Structure formats: structure tokens, C-alpha cells
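This report refers to the structure that appears directly beneath it.
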Amino acid sequence: NAGVTQTPKFRILKIGQSMTLQCTQDMNHNYMYWYRQDPGMGLKLIYYSVGAGITDKGEVPNGYNVSRSTTEDFPLRLELAAPSQTSVYFCASSYPEAWQPQHFGDGTRLSIL
Amino acid sequence: DAKTTQPTSMDCAEGRAANLPCNHSTISGNEYVYWYRQIHSQGPQYIIHGLKNNETNEMASLIITEDRKSSTLILPHATLRDTAVYYCIVRVLGSNYQLIWGAGTKLIIKP
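Printed below as a string of C-alpha cells:
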């Protein structure tokens with residue numbers, strides 16, 4: 043079982059560059075999420091999606107964009123990379139019921155220099 | 058939003074039961090308590106969740122007090138591979154089902 047797959051695993055960007063973090067899941071989950079985790083801290087929700095074509099902002103959406111054209115894929119876009127976006131990014135997915143747990147990918151470690 | 062309080066770190070001897078406490082005194086009656094763990098900066102791993110009753114699965118047991126203001130995660134026979142950061146989370150109800158993550162408890166299993 044692949045579960046939630048994130049690519050790339052590591053990336054270094056220069057200030058002002060753009061990139062897309064990829065996330066795909068094969069569990070047919072309706073809900074998908076993007077989190078960031080700074081050193082020594084818990085995760086913070088950036089964006090989430092409850093189904094194809096539907097996305098909404100989380101706690102820290104500034105500087106990011108998302109799209110959800112299929113059930114499987116939920117890419118995260120950084121348009122103008124800033125040093126404050128240096129972090130580890132995790133994608134997750136779940137079934138829609140409130141009690142269902144979220145399943146996480148292994149993360150993308152991003153450094154902005 | 059309900060929030061949780063956990064000790065920053067804990068030690069436990071290998072083979073013993075690890076008991077991780079969590080305080081969630083502002084929890085609402087219909088909000089679930091979740092436990093996840095994160096091993097060495099990997100993606101968080103779901104452990105267990107509960108609403109009112111105690112729960113047990115192949116990984117752990119969850120004991121929730123009758124007033125629901127606190128809970129304890131029990132790893133019955135801790136191994137070195139259980140060394141991780143453990144997060145106690147109350148799931149916020151609403152349209153986004155957001156998980157509010159604290160800093161968690163760093164559990165170190167010692168041989």
C-alpha cells in the first residue's frame with residue numbers, strides 16, 4: 043500500500059523562486075490536507091480540501107496556493123519563496139467522518155536561501 | 058477551540074508500560090481525543106482515538122477520565138522503537154475538522 047506519497051523529499055530554493063509540492067493518495071479519501079512543521083513545533087494547517095474542486099484556507103495560508111482537480115492529487119504551490127517558508131511540509135488524507143484519523147506522507151523538507 | 062497540555066518530555070524503561078498524560082480541560086462534549094506520534098521527523102502516525110469510553114487497539118490503550126478533562130495514553134510494553142514525540146490532539150468540529158497540534162511529549166525509551 044502506497045498510502046500518501048509526497049515529492050520531492052528535499053528541495054532548496056532561492057528567494058523569489060516558485061515550486062509545487064506534489065501529494066497523491068491511493069486510499070480514495072475525500073479529505074486532503076497540507077501542514078507545515080517548524081523545528082520543535084507541532085503541525086500547522088495551511089490548506090485543506092473536502093473533495094475535488096473544493097479547497098479552503100487553514101491556519102497559515104499566506105504565501106501558498108492549492109488546487110484539487112482529482113480525488114487523488116492535492117498539489118501545494120509556493121509562488122514567491124521566502125525564508126519564512128523554510129519548513130517541513132506534510133500532506134495528509136482522511137475519510138470525511140469526523141472521527142476518522144488522518145494518514146500522513148513522509149514530508150518534503152524545504153529550505154529557502 | 059479546545060487545547061491540550063502535555064509534559065515536554067518523559068523517560069521510560071524498555072519493557073515497562075509508558076503512561077503519557079494529557080490535559081484537555083476545555084474539551085466539548087462531542088470532540089474526540091486523538092493520539093499521534095512522530096518518529097524522528099517522519100510523518101505523524103495515528104495511534105488511537107476516543108470520545109468517552111476507554112479504547113484499546115494493537116498499539117496502545119487510551120484512558121479518558123469520566124469528566125473528559127484529561128486522558129492517558131498507555132504503551133503496555135515499551136520498546137526502543139517507541140521513542141518518539143507523542144501528540145495529544147482534540148479534534149475541532151466544524152467544516153474543516155482541523156487538528157490543533159501542540160509541541161507534544163518527547164518520550165525516550167531507555168534500555
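Heads up: the protein sequence lines correspond to chains S and G, in order.
Just so we're aligned, residue 43 is where the first sequence starts under the working numbering, counting upward by one.
Just so we're aligned, residue 58 is where the second sequence starts under the working numbering, counting upward by one.
Cβ coordinates follow ideal geometry from the N, Cα and C atoms, glycine included.
All values derive from a computational prediction rather than experimental measurement.
Open item on the list: Quick check: is the beta carbon of residue 95 of chain S nearer than 8 angstroms to any beta carbon in chain G?
Closed with: no
Task: Cut-off 8 angstroms between Cβ atoms - residues of its own chain near residue 73 of chain G, not counting five sequence neighbours on either side - done: 134, 135
Task: Contacts around residue 116 of chain G, its chain only, beta-carbon distance under 6 angstroms, and the 5 residues preceding and following it disregarded - done: 104
- [ ] Answer yes or no: do residue 157 of chain G and residue 142 of chain G have a C-beta to C-beta separation smaller than 8 angstroms?
- [x] no
Open item on the list: If contacts are defined as beta-carbon pairs under 8 angstroms, then residue 125 of chain S and residue 88 of chain S qualify, I think. What distance do you get, rounded to the angstrom?
Closed with: The pair is not a contact, with the Cβ atoms about 17 angstroms apart (cut-off 8 angstroms).
- [ ] Using a Cβ-Cβ cut-off of 8 angstroms, state whether residue 143 of chain G counts as contacting chain S.
- [x] no
Task: Contact check, residue 105 of chain S vs residue 79 of chain S, beta carbons under 8 angstroms - done: no
Task: Counterpart residues of residue 155 of chain G in DSSP-defined beta bridges - done: DSSP lists no partner for residue 155 of chain G.
TODO: Kindly list the residues whose CB is nearer than 7 angstroms to the CB of residue 140 of chain G, restricted to its own chain and excluding five residues on each side of it in sequence; keep chain order.
DONE: 164, 165, 166
Task: Burial state of residue 95 of chain S, where buried means 16 or more other Cβ atoms lie within 10 Å - done: exposed
Open item on the list: Just checking: is the beta-carbon of residue 141 of chain S within a distance shorter than 8 angstroms of some beta-carbon in chain G?
Closed with: yes
Task: For residue 36 of chain S, three-class secondary structure by DSSP - done: What is shown of chain S runs 43 to 155, which leaves residue 36 of chain S out entirely.
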